[in-house]
Structure formats: structure tokens, C-alpha cells
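Enquirer: Just so we're aligned, residue 106 is where the sequence shown starts under full-length UniProt numbering, counting upward by one. Built from N, CA and C at the ideal position, the CB exists for glycine as well.
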Amino acid sequence: PSLEEVLNLHDFENISKQVMPEKAWAYYSSAADDEITNRENHAAFHRIWFRPRILRDVTRVDWTTSILGHRSSMPVYITATALGKLGHPDGEINLTRAAAKHGVIQMIPTLASCSFDEIVDAAQPGQVQFFQLYVNKDREITKKIVQHAEARGVKGLFITVDAPQLGRREKDMRMKFEAEDPSVVSASGSDGVDRSQGAARAISSFIDTALQWDDLKWFKSITKMPLILKGVQCWEDALEAYDSGLVAGLVLSNHGGRQLDFARSGIEVLVEVVAHLKEKRGLTFPNEKFQLFVDGGVRRATDVLKAVALGATAVGIGRPFLYAFSAYGSEGVERAIQLLNAEFEMNMRLLGARTLKEVVPEMVDASNLSTH
Ligand code: FNR
106 PSLEEVLNLH
116 DFENISKQVM
126 PEKAWAYYSS
136 AADDEITNRE
146 NHAAFHRIWF
156 RPRILRDVTR
166 VDWTTSILGH
176 RSSMPVYITA
186 TALGKLGHPD
196 GEINLTRAAA
206 KHGVIQMIPT
216 LASCSFDEIV
226 DAAQPGQVQF
236 FQLYVNKDRE
246 ITKKIVQHAE
256 ARGVKGLFIT
266 VDAPQLGRRE
276 KDMRMKFEAE
286 DPSVVSASGS
296 DGVDRSQGAA
306 RAISSFIDTA
316 LQWDDLKWFK
326 SITKMPLILK
336 GVQCWEDALE
346 AYDSGLVAGL
356 VLSNHGGRQL
366 DFARSGIEVL
376 VEVVAHLKEK
386 RGLTFPNEKF
396 QLFVDGGVRR
406 ATDVLKAVAL
416 GATAVGIGRP
426 FLYAFSAYGS
436 EGVERAIQLL
446 NAEFEMNMRL
456 LGARTLKEVV
466 PEMVDASNLS
476 TH
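#1: Between which two residues does the beta strand (DSSP E) holding proline 214 run?
#2: With a cut-off of 8 angstroms on the beta carbons, I'd call glycine 258 and isoleucine 333 a contact; round off their distance for me.
#3: When the Cα atoms are used, what is the spatial distance from methionine 280 to alanine 217?
#4: Would you mind reading off the limits of the alpha helix (DSSP H) that contains glycine 371?
#5: Considering only the alpha carbon of each residue, which of Thr314, Leu271 and Trp323 lies closest to alanine 304?
#6: Quick one, are the C-beta atoms of lysine 411 and isoleucine 153 less than 8 angstroms apart?
#7: For the ligand FNR, is there any heavy atom lying closer than 7 angstroms to the beta carbon of glutamine 237?
#8: Which residue marks the beginning of the alpha helix (DSSP H) containing glutamine 443, and which one marks its end?
#9: So threonine 201 is in the alpha helix (DSSP H); what residue range does that whole segment cover?
#10: Once you ignore the five residues that flank alanine 187 on each side, which residues in its own chain have a CB closer than 6 angstroms to its CB?
#11: Would valine 240 pass as a contact of leucine 365 if the rule is Cβ separation under 8 angstroms?
#12: Under the rule that 16 or more other beta-carbon atoms within 10 Å means buried, what is lysine 322, buried or exposed?
#13: The ligand FNR heavy atoms versus the CB of asparagine 146: any closer than 7 angstroms?
#14: Should aspartate 400 be counted as a contact of the ligand HEM given a C-beta to heavy atom distance under 7 angstroms?
#15: Given this structure, state the Cα-to-Cα distance separating aspartate 320 from phenylalanine 221, to the nearest angstrom.
#16: May I ask you to check if the CB of valine 403 is nearer than 7 angstroms to at least one heavy atom of the ligand FNR?
#17: Looking at the unbroken beta strand (DSSP E) that takes in residue 493, where does it start and where does it end?
#18: Quick one: Cα of glutamate 275 to Cα of alanine 136, how far?
#19: Which ranges would you report for the alpha helix (DSSP H) in the region 314-378 if only whole runs of at least 4 residues count?
#20: Kindly indicate which residue of Ile246, Asp243, Thr247 and Glu255 has the alpha-carbon position closest to the one of valine 233.
#21: Out of Ile264, Ala471 and Asp116, point me to the one whose CA is closest to histidine 360's CA.
#22: Can you check which of these residues, Phe430, Gly457, Asp313 and Phe236, is closest to leucine 267 by C-alpha distance?
#23: If you check the beta carbons only, do valine 374 and cysteine 339 fall under 8 angstroms apart?
#24: Closer than 7 angstroms by C-beta to serine 121: which residues in its own chain qualify, once you throw out the five before and the five after it? Chain order, please.
#25: I need the DSSP call for aspartate 162, collapsed to helix, strand or coil.
#26: Can you tell me whether glycine 189 is helix, strand or coil according to DSSP?
#27: What separation, rounded to the nearest whole angstrom, lies between the Cα atoms of serine 107 and glycine 437?
#28: With distances taken Cα to Cα, identify the nearest neighbour of valine 465 among Phe390, Asn199 and Asp408.
#29: If you measure between the beta carbons of glycine 362 and asparagine 143, is that distance less than 8 angstroms?
#30: Does the Cβ of proline 214 lie closer than 7 angstroms to at least one heavy atom of the ligand FNR?
#31: DSSP three-state call for phenylalanine 390: helix, strand or coil?
#32: Quick one, which of Phe155, Phe236 and Glu127 has its alpha-carbon nearest alanine 414's?
#33: Suppose the cutoff is 7 angstroms on Cβ atoms and the five residues either side in sequence are ignored; what does the same chain contact list for threonine 476 look like?
#34: Taking the beta strand (DSSP E) that tyrosine 239 belongs to, which residues open and close that run?
#35: For arginine 244, which three-state DSSP category applies?
#36: Leaving out five residues before and five after leucine 112 in sequence, what residues of the same chain have Cβ atoms less than 8 angstroms from its Cβ?
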């Protein structure tokens, strides 16, 4: 189908499945075990309903925002997803180009197929990029990666904390990832590993299983970039992160359902984190100094607006952008962003919200989410 026929983010999934290499589909679409969390991620948004306001002048609506102090054309960023070249020869650069054109922030993954420098070099002057870090057992390697990222102008360090080891993604494991595959990254210290159990296993054996809270001080000592923990799943850890005073924000995420199956959706976790940080530390959200992000299953601007209403600064979107570039290259990613923009305009009008500040908790009924 032509790009004009793509009407929403779900369409990219259906189309790309037909045209992308089987191995890429297996790696991108797979999730852990029975993939229950992966399905729940989007389903959780179905339990939240809107309470729109009427008779407000919604001629002009504005969904621009600021993420960690950087302007963003929407409360959405492109989250880190590894191995972009499995789906398209230009890999992650597809995302960089589209992000530049539309004022969207890209999070560069440790396990990108393109080299880190290629991705930074592809950015326009002033374009904001974040970096997702898998912490290497060899801390000297990690230090080098982090300081290089900072020197190249990266604006935020997202440390993945939900993946001491990568989950079992069986669709991917059945594909028997081959060592000769040119899309495998080499920079990550993944030499001498068993490649017979899928892409995820093949690239992840360097990750430090011993990472702990105490290490945050060390990160703070090696970089001035704001630290964000990616993969927080309960209020207790959110509180510990806040109380450490070392962390600028959290991504409430289960890694797209690819890690612990039966982990709850980020949107569900958001509700309890906001409630407990309010009760125990008097915080209100969205909060400039301690920003909450959500990812997993976000496919519509309405999903994003629900997260914003409940206190998120912004949300991450992963697979839809992978599917978009696998089928259409960078133009596909642009189309995905344009579709989201059109959805934001319409849905903010229908909600009676002219700015994101007006997207308040009273605009949603989230009583069907659990509040632990
Ligand atoms: C991911 N994700 C991820 N996260 C991370 O911290 N480091 C990584 O290398 C990757 N790699 C990765 C690859 C692929 C193919 C997917 C689908 C996801 C997780 C990602 O950042 C995010 O948490 C989820 O993708 C969000 O869910 P959706 O939007 O894909 O449903």
C-alpha cells in the first residue's frame, strides 16, 4: 500500500509484517514467554475513559512540550529499540532523519545497528538525542561509552534497569540468529557468545547482572547528563529513586513486554507511582524536577493524552516506528509522526484541552486501573 493509505500506527504493523525479513519480524514483534504483558500493554489503555470538557474555544490547540528541558513537538519520544538494520538497511538513521524534520527526540540504543557516531553524525545541528545504556560488566567500557555520548552532545542517559538478563523471546529464539548477519552489532562487547538462541540472546551477554542502587553515585560521578531509570515497575522503587536525589526521571516500562512476563503495563504503574509520591513526598505531576515517562503499547494520541492526564511528561513509542521504517524507510517514520500530530489536534479539540496543561487528571476515568 502507498503511504497515504496508512491511516494509523497499527497499519504499519500489519503492512511491515508482509514485507520485512522473517528474522526482523521475529525480533521486533516478539515478547517474553506467553507475551501476556505485551498484549496487556495496549489493553490497559482500553480501561481508561475520557471526561471531556465542552464549550471552550478550541480553534487553536497546542501539544508541544518540554522533555528534560528540551523542546519537543509532541509529548512523545522515539524510544530505544535495538538492531534497526534487521528491518531496513539504513537502520536507526531512518529515525534520526524523521525526528529531525518533526522536532521529535530520539533515544539512541546501546545495541543500535548503526554505530553511535553514525547516528549522532546524522542529526541536524541542535537536534536533541538521548542515549539508552546497557551497563557492561566492564565498567571502564561503560565509562567510555557514557563520556563519549556526553561529549557528542547527548542530553540524557536512560539506564535500562529491567534487563539484568534478556527475557526469553521464543519467536526470536526459533530463528537461530546467525553470527554472519551484518546487522549484528559489534561495538557492544558481544564476542564469543552463543548465537543459537535468537538475536536477543546473541547480543546481550555483556550486560552486568550485578548492577545495583549504589552504582548510581558512580554514574553521577562520571557524567553531568541527567540520569533516568528505564524500566521501573512499582512505587517502592520510584520512591527509592526519588529519595536518592541522583535521578532526574523514570520510565515506567516493562520493555515492551520483552522481559518479565506478567509485569504490569507502564500506564497502570503510573497511577500508583503518582499517588504514592504525592502522599509520601508531596509531589505533583507532571513535575519538572522529577519527570515520569511511560512506554509500552502506545499506538494512538489518545493513549498519550491518557498518560499525560495521569501525570506523565511524555511517552515512548517503540515498535510502530520500527515497523514504519522497515516498510517505508524514513518516510514511513515521518508518516507515523504526522498521523500522531493529526490525532493530537483532533483529540485535544474533542477533549476541550488547548494545551497539555489543560489535560488534567479530571479528564480521565482511570478507576478501572488497579491502584496498589
Ligand atoms: C526494545 N526495547 C529496548 N529497550 C532498551 O532499554 N534497550 C534496548 O536495546 C531495547 N531494544 C528493543 C528492541 C525491540 C525490537 C523492541 C520492540 C523493544 C524496549 C523499548 O525501549 C520500549 O520499552 C518498548 O519497545 C515500548 O513498547 P512498544 O512501544 O514497542 O509497544
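Expert: The structure says:
#1: 210-214
#2: Not quite, the Cβ-Cβ distance comes to about 17 angstroms (not below 8 angstroms), so this is no contact.
#3: 20 angstroms
#4: 371-386
#5: Leu271
#6: yes
#7: yes
#8: 424-456
#9: 198-207
#10: Pro214 and Leu216
#11: no
#12: exposed
#13: yes
#14: Although the ligand HEM was asked about, the structure shown includes only the ligand FNR as ligands.
#15: 24 angstroms
#16: yes
#17: Residue coverage of the chain in this structure runs from 106 to 477, which leaves residue 493 outside it and unanswerable.
#18: 8 angstroms
#19: 320-327 and 340-349
#20: Glu255
#21: Ile264
#22: Strictly speaking, residue 267 in this sequence is aspartate, with leucine absent from that position. It is Asp313.
#23: yes
#24: Tyr428, Ser431 and Ala432
#25: coil
#26: helix
#27: 10 angstroms
#28: Phe390
#29: yes
#30: yes
#31: coil
#32: Phe155
#33: Val376, Glu377 and Ala380
#34: Neither: tyrosine 239 is in no beta strand (DSSP E) and is coded neither H nor E.
#35: helix
#36: Leu444
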